[in-house]
Amino acid sequence: MAEKTKTLPLLPLRGILVFPNMVLHLDVGRERSVSALEQAMVEDNKVLLVAQKEARIDEPTPEEIYSMGTVAQIKQMLKLPGGTIRVLVEGLSRAYVREFVESDPFFKVEAEELDDDNGKSVEVEALMRSVLYQFEQYIKLSKKIPPETLVTVSSIDEPGRLADIIASHLTLKIQQKQDILEATSPRDRLDKLSAILSHEMEVLEIERKINLRVRKQMERTQKEYYLREQMKAIQKELGEKDERMAEADEYREKISEAELPEEVEEKALKEVERLEKMPPAAAEAVVIRNYLDWILAIPWVYQTDDRLDLNRAEEILDEDHYGLEKVKERIIEYLAVRQLAKKLKGPILCLVGPPGVGKTSLARSIARALERNFVRMSLGGVRDEAEIRGHRRTYVGAMPGRIIQAMRQAKSQNPVFLLDEIDKMSTDFRGDPSAALLEVLDPEQNNSFADHYLEIPFDLSNVMFLTTANTLYNIPQPLLDRMETIYIPGYTEEEKVKIAERYLLPKQIKEHGLTKKNLTVSEKTLRKIIRQYTREAGVRNLERQLASICRKTAKEVVRDEKKRAAITVQNLDKYLGIPRYRFGMAEKEDEVGIATGLAWTEVGGDTLVIEVTLMKGKGKLMLTGKLGDVMRESAQAGLSYIRTRANELGIEEDFHEKYDIHVHIPEGAIPKDGPSAGITMATALISALTQRPSCRTVAMTGEITLRGRVLPIGGVKEKVLAAHRAGIKTILLPAENKKDISEIPDNVRRKLEFVLVEHMDQVLEHALAEAKDED
Numbered sequence: 001m002a003e004k005t006k007t008l009p010l011l012p013l014r015g016i017l018v019f020p021n022m023v024l025h026l027d028v029g030r031e032r033s034v035s036a037l038e039q040a041m042v043e044d045n046k047v048l049l050v051a052q053k054e055a056r057i058d059e060p061t062p063e064e065i066y067s068m069g070t071v072a073q074i075k076q077m078l079k080l081p082g083g084t085i086r087v088l089v090e091g092l093s094r095a096y097v098r099e100f101v102e103s104d105p106f107f108k109v110e111a112e113e114l115d116d117d118n119g120k121s122v123e124v125e126a127l128m129r130s131v132l133y134q135f136e137q138y139i140k141l142s143k144k145i146p147p148e149t150l151v152t153v154s155s156i157d158e159p160g161r162l163a164d165i166i167a168s169h170l171t172l173k174i175q176q177k178q179d180i181l182e183a184t185s186p187r188d189r190l191d192k193l194s195a196i197l198s199h200e201m202e203v204l205e206i207e208r209k210i211n212l213r214v215r216k217q218m219e220r221t222q223k224e225y226y227l228r229e230q231m232k233a234i235q236k237e238l239g240e241k242d243e244r245m246a247e248a249d250e251y252r253e254k255i256s257e258a259e260l261p262e263e264v265e266e267k268a269l270k271e272v273e274r275l276e277k278m279p280p281a282a283a284e285a286v287v288i289r290n291y292l293d294w295i296l297a298i299p300w301v302y303q304t305d306d307r308l309d310l311n312r313a314e315e316i317l318d319e320d321h322y323g324l325e326k327v328k329e330r331i332i333e334y335l336a337v338r339q340l341a342k343k344l345k346g347p348i349l350c351l352v353g354p355p356g357v358g359k360t361s362l363a364r365s366i367a368r369a370l371e372r373n374f375v376r377m378s379l380g381g382v383r384d385e386a387e388i389r390g391h392r393r394t395y396v397g398a399m400p401g402r403i404i405q406a407m408r409q410a411k412s413q414n415p416v417f418l419l420d421e422i423d424k425m426s427t428d429f430r431g432d433p434s435a436a437l438l439e440v441l442d443p444e445q446n447n448s449f450a451d452h453y454l455e456i457p458f459d460l461s462n463v464m465f466l467t468t469a470n471t472l473y474n475i476p477q478p479l480l481d482r483m484e485t486i487y488i489p490g491y492t493e494e495e496k497v498k499i500a501e502r503y504l505l506p507k508q509i510k511e512h513g514l515t516k517k518n519l520t521v522s523e524k525t526l527r528k529i530i531r532q533y534t535r536e537a538g539v540r541n542l543e544r545q546l547a548s549i550c551r552k553t554a555k556e557v558v559r560d561e562k563k564r565a566a567i568t569v570q571n572l573d574k575y576l577g578i579p580r581y582r583f584g585m586a587e588k589e590d591e592v593g594i595a596t597g598l599a600w601t602e603v604g605g606d607t608l609v610i611e612v613t614l615m616k617g618k619g620k621l622m623l624t625g626k627l628g629d630v631m632r633e634s635a636q637a638g639l640s641y642i643r644t645r646a647n648e649l650g651i652e653e654d655f656h657e658k659y660d661i662h663v664h665i666p667e668g669a670i671p672k673d674g675p676s677a678g679i680t681m682a683t684a685l686i687s688a689l690t691q692r693p694s695c696r697t698v699a700m701t702g703e704i705t706l707r708g709r710v711l712p713i714g715g716v717k718e719k720v721l722a723a724h725r726a727g728i729k730t731i732l733l734p735a736e737n738k739k740d741i742s743e744i745p746d747n748v749r750r751k752l753e754f755v756l757v758e759h760m761d762q763v764l765e766h767a768l769a770e771a772k773d774e775d
């Protein structure tokens, strides 16, 4: 093999390689490459074409260019718009780069041109025939090379040229083509080409089998399915996996690790199989992914361990809340039973009471005492059944109901679950959410709660459900029947003082960046705030007033760092302004035509002053003060009773023909209704008609019948606390409410006198004083 050394301009090629005896067009755009072409045109029209090792490199260094290339003759050059040059080149011979002579403005190299040894031995001729046969089979299988090419190649007699021409027609990687180019011996070249053709033939044979297999399946599917299966079969043969298979395997692994119940695991695996068969962009695939994510996120099995230490639980409940003995006792009972029985279905407790008495915070304390996770769900304004049970997956944007969402948030199967404001739910055309809650709050059914989205029963029997409400009458009876009701009435004045001292004041001092040295509030001052600046059953407004004091103190401390504020009864109005309420609602003296009643409201008990006045007229009864239907009927019943007993009561029998009667309840903007003002209205009417003053220290509650019987009422504790706040000394209660007196705190009960009455005569005996001027 002859060798010749030449100095030639070098043209690096990206993603392409030129063999000797190969003619093709090249588009040249790089500045250095254009300079190399121009230099070649000036000299002898020859250039060395060498492939880059990495096609993505724009400005290669000598180390990034292969050392073996092809000397090519430039046949034609054409300048294109944009500075690109299209050049027609013909490969002449191999050349080995000995040395880079210049690098700027183009590569100039010293290269040794290598000529092929075209001598043929018997072995070389056999190799040529073998390679030609392999190439013929390759053309038949690939169908990418025209059959005419075989005729052209078959006529080539030189072994080196034959190898180069066949290699130029194959779709190979640059590295494979470079290996053939670097084989200087025709025999080595043919050996390498034979091995490459054998490998390509195997791949093409596998492709043929795959195509046959897929074609059979094509009869029962569409083109898209065919392409998908073809890709899957190719990846299977190559031992690779696509994204969908990888995703499906990932879900299977997560399902296996999650230790799901058997039914849930079976459902999840079926959904994974469906996902695996779908195109990634399909809308249904997104729904299935979301569904699997929800199944894996929900705590199907995991539970926290209950801390069943009665003494510690009692300490926590006492530490967080003052009073509320009934609720605390019920929680301690639950812990005791749980310690003995081990397995106990979660109780459903309904905490009922006015705002601000600590219902929600009590639920948090219960969770802390049990060392369970706590989750809260507000039902105020919920009017869609789907918010409880979830949406079916056929709907766009479907998701589980808020029960399952809360369980995911809880991260355990046995949290303390607070359903807040259960009495504030409403109903519309989208269904009745209270009906959906029936299954949730039934210990016999909630072990298999059915959410429309999951479509798998979920066990809620280990959850400790707590619900809160201000009133019971808004809760549907079937729902109320499933809950154990615990009333949390308003606090007494003593309890409010203790709560303020132990909890509210320290909390507000801390939140406002103060210390006990900055602010002191005496007990007498707290009482004054409670009596004259708040009027509520709970302590929420009391906390606001204390926060107001803290804010004003903070302002003083910032202006004078050494400032210390001592809030006393004398300087309280400086911080809170003038008192808003008059403590002691009882009248200052006995008056005619007035009676003090007791009423229950959503914010606790309240006193109700009923006024009656007589005017000359024709028996017209006027009722004012924004009264409800029940109170209007109570007034009519009281009047009818008086008319039937006029003689015994010392009233003119024809009073209804001589006088118009006006019954008024002040504070008319506040709606008032309920069956508890009957005896109060009757007392005020009799007082006006007999001119006997009513006792200012007596308050009463109860409903009246036409025969004068006194009927029982509810809300006794709230009403008694209101009477105590108002300075009442004697309370007339229906005899059937005797059992409710035991619920009243001892310190309040000791300061009041309770008179149990069964008939209106007994009411009048205690409620009316003797007339000042008797005839």
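For the sequence shown, UniProt numbering assigns the number 1 to the initial residue and increments by one for each residue that follows.
All residues carry an ideal CB built from backbone N, CA and C; glycine is no exception.
Report task. Can you grab the Cα-Cα spacing for the pair Leu504 / Arg750, in whole Å? Result -> 27 Å
Requested in this report: Output the distance between the C-alpha atoms of Thr471 and Asp423, rounded to the nearest integer angstrom.
Outcome: Their Cα atoms are separated by approximately 7 Å.
Report task. Could you check what DSSP says for Asp761 in three-state terms: helix, strand or coil? Result -> If DSSP states are grouped into helix, strand and coil, Asp761 belongs with the helices.
Query raised in the report: Hey, Lys719 and Leu598 are a contact pair by Cβ (cut 8 Å); roughly how many whole angstroms apart?
Result: 4 Å
Report task. Flag this pair as touching only if the segment 436-452 and the segment 313-329 have three or more C-beta atom pairs under 8 Å; answer yes or no. Result -> no
Query raised in the report: For the putative contact between Thr596 and Thr607, defined by C-beta atoms under 8 Å, what is the C-beta separation to the nearest angstrom?
Result: 6 Å
**Report entry** Proximity of Ile85 and Leu10 at Cβ, strictly below 8 Å
**Finding:** Result no, Cβ atoms of Ile85 and Leu10 do not sit closer than 8 Å.
Query raised in the report: Quick one, are the C-beta atoms of Ile332 and Ser365 less than 8 Å apart?
Result: no
Requested in this report: Using the DSSP secondary-structure output, state which residues sit across from Ser694 in a beta bridge.
Outcome: Answer by DSSP bridge pairing, in chain order: Glu591 and Leu768.
Query - Buried or exposed (CB count within 10 angstroms, at least 16 for buried), Thr5 - result: Exposed, by the Cβ-count rule.
Report task. Would you mind sorting Ile670 into buried or exposed? The rule is 16 or more other CB atoms within 10 Å of its CB. Result -> At Ile670, the pLDDT of 49 sits below 50, so the modelled position is not reliable; the number obtained from the coordinates is stated separately. Exposed, by the Cβ-count rule.
Query raised in the report: Rounded to whole angstroms, how far is the Cβ of Leu190 from the Cβ of Val131, which I believe are closer than 8 Å?
Result: 6 Å
Requested in this report: Could you check what DSSP says for Met68 in three-state terms: helix, strand or coil?
Outcome: strand
Query raised in the report: Terminal residues of the continuous beta strand (DSSP E) containing Arg86?
Result: Ile85 to Glu102
Query raised in the report: Thinking C-alpha only, which one of Lys496, Val558 and Ser548 is nearest Leu526?
Result: Nearest of Lys496, Val558 and Ser548 to Leu526, Cα basis: Lys496.
Query raised in the report: If we ignore side chains and look at the alpha-carbon of each, how far apart do Trp294 and Tyr302 end up?
Result: 15 Å
Requested in this report: Please classify Ala669: does DSSP put it in a helix, a strand, or coil?
Outcome: Unreliable placement is indicated for Ala669, whose pLDDT of 39 sits below 50; the coordinate value is still reported in the next sentence. Note: Ala669 maps to coil in three-state DSSP.
Query raised in the report: Which residues share a DSSP beta bridge with Lys6?
Result: Ala111
Query raised in the report: So which of Arg368, Glu494 and Leu418 has the shortest CA-CA distance to Leu351?
Result: Leu418
Query raised in the report: Around the Cβ of Arg116, are there at least 16 other Cβ atoms within 10 angstroms (buried) or fewer (exposed)?
Result: The sequence as given places Asp at residue 116; Arg does not occur at that position. Under this definition Asp116 is a buried residue.
Query - Counted within 10 angstroms of its Cβ, other Cβ atoms place Gly708 as buried (16 or more) or exposed - result: buried
Query raised in the report: Should the segment 307-322 be regarded as contacting the segment 364-378, the criterion being three or more beta carbon pairs within less than 8 Å?
Result: yes
Query raised in the report: Thinking C-beta only, is Ile704 closer than 8 Å to Ala767?
Result: In this structure, Ala767 sits away from Ile704, with a CB-CB distance that is not shorter than 8 Å.
Query raised in the report: Since Leu733 sits in a beta bridge, which residues does DSSP pair it with?
Result: Leu756
Query - Where the beta strand (DSSP E) containing Ile567 begins and where it ends - result: Ala565 to Ile567
Query - Val272 to Ala406 span [Cα, whole Å] - result: Looking at the two C-alpha atoms, the distance is approximately 25 Å.
Query raised in the report: So what does Lys46 bridge to, in DSSP terms?
Result: Looking at the DSSP output, Lys46 sits in a beta bridge with Gln73.
Query raised in the report: Tell me, which residues are paired with Trp600 by DSSP?
Result: Gly605
Query raised in the report: Considering Ser378, what are the terminal residues of the beta strand (DSSP E) in which it resides?
Result: Where Ser378 is concerned, the enclosing beta strand (DSSP E) stretches over Phe374 to Ser378.
**Report entry** Where the beta strand (DSSP E) through Val286 begins and ends
**Finding:** Segment Ala283 to Ala297 is the alpha helix (DSSP H) holding Val286; no beta strand (DSSP E) there.
Query raised in the report: Going straight from the alpha carbon of Ala646 to that of Glu652, what length do you get?
Result: 6 Å
Requested in this report: Please say whether Thr467 and Met483 have beta carbons closer to each other than 8 Å?
Outcome: Closer than 8 Å, so yes.
Query raised in the report: Over what stretch of residues does the alpha helix (DSSP H) that includes Val558 continue unbroken?
Result: Arg540 to Arg559
Query raised in the report: What residue does the beta strand (DSSP E) around Leu24 start on, and which one ends it?
Result: Val23 to Val28
Report task. Go ahead and pull the three-state DSSP assignment for Glu774. Result -> Note that Glu774 scores a pLDDT of 44, beneath 50, so its modelled location is shaky; the value from the coordinates is reported in the next line. Here Glu774 sits in coil by DSSP.
Query raised in the report: Mind checking Ile16: buried by the 16 CB within 10 Å criterion, or exposed?
Result: exposed
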